[in-house]
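One structure is given below, encoded as structure tokens.
Residue numbers (this note's numbering): 349 to 462.
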């Protein structure tokens, strides 16, 4: 594992539309459908080992979970796979931090209420 990245950095990666970046949400499919990050893929943690080769062509992989704890384990698991030769990071603070970042973004700029 190569460390952690911030939600703002993940947003920038997704906005760059770089096809070599994968954001992997390790929650259950039901949780992912409720509020997954646009542009991310869902691979629940229990299936990660079986599906890790899906990411063999990625240059960068970011794992995501609710609070940023399980995604560290997922990033370590992916980084240890022989098929993967990518930078592998966990998103610090998980989806909880993502939501705070996105809420802060909505309160910026010319449409901000104050």
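By construction, the Cβ of each residue, glycine as well, lies at the ideal position given by its N, Cα and C atoms.
Residue i: first and last residue of the uninterrupted alpha helix (DSSP H) it sits in
{"i": "residue 397", "result": "396-399"}
{"i": "residue 420", "result": "418-428"}
Beta-carbon spacing of residue i, residue j below 9 Å
{"i": "residue 442", "j": "residue 419", "result": "yes"}
{"i": "residue 372", "j": "residue 432", "result": "no"}
{"i": "residue 450", "j": "residue 381", "result": "no"}
Residue environment, residue i, which counts as buried when at least 16 other CB atoms sit within 10 Å
{"i": "residue 351", "result": "exposed"}
{"i": "residue 365", "result": "exposed"}
{"i": "residue 375", "result": "buried"}
Residue i: first and last residue of the uninterrupted beta strand (DSSP E) it sits in
{"i": "residue 435", "result": "435-439"}
{"i": "residue 412", "result": "408-412"}
Q | Cβ pair count under 8 Å reaching 3, the segment 396-410 against the segment 426-437 | A | Contact holds: three or more Cβ-Cβ distances are below 8 Å.
Q) Residue ranges of each beta strand (DSSP E) run of no fewer than 3 residues wholly in the segment 358-393, ordered along the chain? A) Runs of the beta strand (DSSP E) inside the segment 358-393: 369-373.
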